[in-house]
Amino acid sequence: MTWSWGLVGLPNAGKSTVFNALTHGGSAVGHYSFTTIEPHLGKLSVPDERLEHLRVLAGAPLATPAMLDIIDIAGLVPGSSKGEGLGNQFLATIREADALIHVLRCFESLVAGHPLGTVDPIRDLDIVLTELALADLETIQRRRNRVSKPAHAGDQAAARELALLDRLEVRLNEGGRPPCPPLGPSECEYALKQLFLLTAKPCLYLANLSEDGLESGPAWEAVRGRAASDGVPVASIKARLEMDLGYLTPVERATFARELGAAEPGELTQILLRSLQLVTFFTANANEARSWLISEGTPAVAAAARVHSDMAEGFIRADVLPYGSLAQAGSLPAARERGLIRSEGRDYRVADGDVMLFRFRASN
Ligand SMILES: Nc1nc2c(ncn2[C@@H]2O[C@H](COP(=O)(O)OP(=O)(O)O)[C@@H](O)[C@H]2O)c(=O)[nH]1
Ligand SMILES: [Mg+2]
Numbered sequence: 013m014t015w016s017w018g019l020v021g022l023p024n025a026g027k028s029t030v031f032n033a034l035t036h037g038g039s040a041v042g043h044y045s046f047t048t049i050e051p052h053l054g055k056l057s058v059p060d061e062r063l064e065h066l067r068v069l070a071g072a073p074l075a076t077p078a079m080l081d082i083i084d085i086a087g088l089v090p091g092s093s094k095g096e097g098l099g100n101q102f103l104a105t106i107r108e109a110d111a112l113i114h115v116l117r118c119f120e121s122l123v124a125g126h127p128l129g130t131v132d133p134i135r136d137l138d139i140v141l142t143e144l145a146l147a148d149l150e151t152i153q154r155r156r157n158r159v160s161k162p163a164h165a166g167d168q169a170a171a172r173e174l175a176l177l178d179r180l181e182v183r184l185n186e187g188g189r190p191p192c193p194p195l196g197p198s199e200c201e202y203a204l205k206q207l208f209l210l211t212a213k214p215c216l217y218l219a220n221l222s223e224d225g226l227e228s229g230p231a232w233e234a235v236r237g238r239a240a241s242d243g244v245p246v247a248s249i250k251a252r253l254e255m256d257l258g259y260l261t262p263v264e265r266a267t268f269a270r271e272l273g274a275a276e277p278g279e280l281t282q283i284l285l286r287s288l289q290l291v292t293f294f295t296a297n298a299n300e301a302r303s304w305l306i307s308e309g310t311p312a313v314a315a316a317a318r319v320h321s322d323m324a325e326g327f328i329r330a331d332v333l334p335y336g337s338l339a340q341a342g343s344l345p346a347a348r349e350r351g352l353i354r355s356e357g358r359d360y361r362v363a364d365g366d367v368m369l370f371r372f373r374a375s376n
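Going by the numbering used here, the sequence shown wraps up at 376, each residue one higher than the last.
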């Protein structure tokens, strides 16, 4: 299973540029609306310097980093939900994304005009949230049509679901502003896992700043303030600069990046991981060192399932060595000698940086 983020935002907010910056992919970048007609799926490997170190310590020839999916969608315009522009069909492509990245335009540009004429990231965000809420209201209506008949015929489960749909609808009619819908965990689970509501997904506000950073100041401050009051993680990117730097070699990049005020490589990826509360664990053998992403608090047996279903089915225990202890010991045998490797059971909550060796009974 790969975690996926969907990029949303008005045309010319810089979604495709962010996509390219993140994935070094070839999504068409242009200053016309609807440049991106086909959804683009990009794979992004998660940089983590611990992985390369682990590879060396394990004497493995290969290091395989965890991957993330980034989905770039076509322009969402005011009225998409009523069929303006390309309509909101394309929202289907982000229904199954685990989280949304709101790309908020903070840069001025005469070449790439803003569809509404002025830079105002908060207005843009509210337009997009409204479109997402309208799309979710349609989803709720469709579901209501399915359950209202059995509910009225006395089906208890259907009646409960109908009441839940009512509560979700009330929230959505308020405009879809996060935290939305701020309901209990089971209601959230229903909204996310069964209805795939867009407004229920975790999200991140990503301010796309000008290269020189100065003109974007007030807009960036506004985005930060809004993120704080919505309880949403926030980050900034100079997307075009990052995209251009993405075409350089690592050495060239290191020379230019700091001078130009670009982010450290991998910084944004780390923000993406934090926004979904993901942590990294490692596996290593003589052939390969690998990094894996899981939700914070995942039990060892579920982490084993990420690696191989056999490891979860035949799970006996896990040998756990925190990366920090391994780095200090200097080698796997030294860590073992010092007793730094713990033996943990299936319910052990895997922590960031754990190097895991799953002991399991192979199935026949
Ligand atoms: N100056 C500047 N221009 C940008 C930036 N990001 C995107 N653009 C330009 O804005 C236009 C639209 O970008 P694009 O990524 O296609 O936007 P999308 O419609 O949201 O996918 C292009 O001409 C980009 O070069 C940025 O950070 N700074
Ligand atoms: Mg685009």
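For every residue, glycine included, the Cβ atom is placed at its ideal position computed from N, Cα and C. This one's a predicted model, so the numbers in the text were calculated from it and none came from an experiment.
Is the beta carbon of residue j closer than 9 Å to that of residue i?
i: SER28; j: HIS52; result: yes
i: PRO190; j: GLY243; result: yes
i: ALA315; j: ARG67; result: no
i: ILE152; j: LEU184; result: yes
i: ILE85; j: GLY18; result: yes
i: PHE293; j: ASP364; result: yes
i: ALA203; j: LEU180; result: yes
i: LEU22; j: LEU128; result: yes
i: LEU284; j: SER307; result: no
i: VAL367; j: ALA296; result: yes
i: LEU56; j: ASP81; result: yes
i: ARG16; j: GLU150; result: Note on identity: in this sequence residue 16 is Ser, with Arg being the wrong assignment. No, the pair does not count as a contact, with Cβ atoms beyond the cut-off.
i: CYS118; j: ALA240; result: no
i: LEU63; j: SER303; result: yes
Could you give the DSSP three-state label for residue i: helix, strand or coil?
i: GLU279; result: helix
i: LEU18; result: The question names Leu, but residue 18 in the sequence shown is Gly. Here GLY18 sits in strand by DSSP.
i: MET368; result: strand
i: ARG67; result: helix
i: ALA301; result: strand
i: GLY54; result: strand
i: THR267; result: helix
i: ASP242; result: helix
i: LEU253; result: helix
i: SER28; result: helix
i: SER307; result: strand
i: ALA296; result: strand
i: SER375; result: coil
i: THR35; result: helix
i: ALA104; result: helix
i: VAL123; result: coil
i: ALA109; result: coil
i: SER287; result: helix
i: TYR44; result: Unreliable placement is indicated for TYR44, whose pLDDT of 45 sits below 50; the coordinate value is still reported in the next sentence. In this structure, TYR44 counts as coil in the three-state DSSP scheme.
i: ILE49; result: Note that ILE49 scores 46 on pLDDT, short of 50, meaning its location in the model is unreliable and no value can be drawn from it.
i: ASN116; result: The identity of residue 116 in the sequence shown is Leu, whereas the question assumes Asn. Note: LEU116 maps to strand in three-state DSSP.
Rounded to the nearest angstrom, how far is the Cβ of residue i from that of residue j, given a contact under 8 Å?
i: ALA163; j: LEU174; result: 4 Å
i: LEU280; j: LEU34; result: 7 Å
i: ALA234; j: PRO133; result: 6 Å
i: ALA298; j: GLY71; result: 6 Å
i: GLY188; j: THR211; result: 4 Å
### Query
Can you list the alpha helix (DSSP H) stretches of 4 or more residues lying completely in the stretch 130-218, in chain order?
133-164, 168-184 and 197-201
### Query
At which residue ranges does the stretch 320-371 contain complete beta strand (DSSP E) runs of 3 or more residues, listed in the order of the chain?
327-334 and 354-356
### Query
Counting pairs of Cβ atoms below 8 Å between the stretch 209-229 and the stretch 103-112, do you hit three or more?
yes
### Message
Using a Cβ distance threshold of 8 Å, determine whether the stretch 365-375 contacts the stretch 315-334, with at least three qualifying pairs required.
### Response
yes
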